[in-house]
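The opening residue of the sequence shown carries number 26 in this note's numbering; numbering runs sequentially from there. All C-beta atoms, glycine included, are put in the ideal place defined by N, C-alpha and C.
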Amino acid sequence: MTKQIIIATKNKGKSKEFKEFFAKYGIEAISLLELDEEIVDVEETGNSFRENAALKAETIANHLQQMVLADDSGLEVDVLDGKPGIYSARYAGEPTDDEKNIQKLLQELAGVPKEKRGARFVCTLAIAEPGNETIFRTGFCEGKISTQKKGNHGFGYDPVFVPENYNLTMAELPSNEKNKISHRKYAMDELEDWLEQSN
């Protein structure tokens with residue numbers, strides 16, 4: 026297996042997380058920010074997290090002729106038939122705005138009782154390499170949507186998402202606690218099984 030992988034992200038926090046993860050296997054992870062050439066953002070035109078992750082990973086892998094990992098993630102709310110889903114980041118329209126997204130979600134759930142506010146964060150990872158079949162792994166973090174915002178940590182929908190078995194929102198949890206139960210962590214756990222078989 027290659028000892029280098031490109032992480033299709035310009036997010037420094039996400040990049041650091043993946044670097045630490047792959048280092049355990051002697052694999053150097055390089056983010057798009059560290060490449061000599063500018064990689065144009067791949068348009069997410071898929072109809073699912075899996076399709077969008079594959080689009081990003083495969084497009085960049087074919088361009089660079091290297092192994093690439095991409096992820097797509099978002100929030101699914103049961104009573105909204107899985108929305109905002111793949112549109113989580115731009116739920117309230119463009120340009121993307123976390124605060125507006127949260128307010129739109131809370132308005133749509135106004136009057137919905139606690140027991141019907143079930144939701145989950147979803148993260149799908151895709152690893153693409155030219156000439157090989159794309160590998161997918163998905164992680165979930167189950168929980169509920171609160172009726173009001175709480176907490177200053179995290180980003181996105183964290184201030185209104187209460188993970189299963191917790192009384193605090195994701196945004197009230199310290200980052201080390203959040204990282205133990207996040208959807209990305211569970212997706213990476215799934216990926217770990219694959220890495221151990223590959224090495």
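Would you kindly report the start and end of the unbroken alpha helix (DSSP H) that includes A86?
74-89
Can you list the alpha helix (DSSP H) stretches of 4 or more residues lying completely in the region 121-191, in chain order?
123-133
Could you give the first and the last residue of the continuous beta strand (DSSP E) run that contains A196?
Counting along the chain, A196 falls outside any beta strand (DSSP E), and DSSP gives it neither H nor E.
Check the DSSP bridge columns for A54 and list the partner residues they point to.
I30
Which value, in whole angstroms, describes the spacing of the CA atoms of E53 and D61?
16 angstroms
I'd like the span of the beta strand (DSSP E) that includes G38, first residue to last.
Segment 37-48 is the alpha helix (DSSP H) holding G38; no beta strand (DSSP E) there.
For D97 versus F74, is the C-beta spacing smaller than 8 angstroms?
yes
Which class does D103 belong to by DSSP, given the choice of helix, strand or coil?
helix
With a threshold of 8 angstroms, are at least 3 pairs of Cβ atoms found where one atom belongs to the region 198-209 and the other to the region 160-173?
yes
Measure the C-alpha to C-alpha separation of A114 and K49 and round it to an integer number of angstroms.
31 angstroms
For A114, three-class secondary structure by DSSP:
helix
For L193, count the other beta carbons within 10 Å of its own beta carbon; 16 or more makes it buried, fewer makes it exposed. Which is it?
exposed
If contacts are defined as beta-carbon pairs under 8 angstroms, then G168 and A196 qualify, I think. What distance do you get, rounded to the angstrom?
The pair is not a contact, with the Cβ atoms about 12 angstroms apart (cut-off 8 angstroms).
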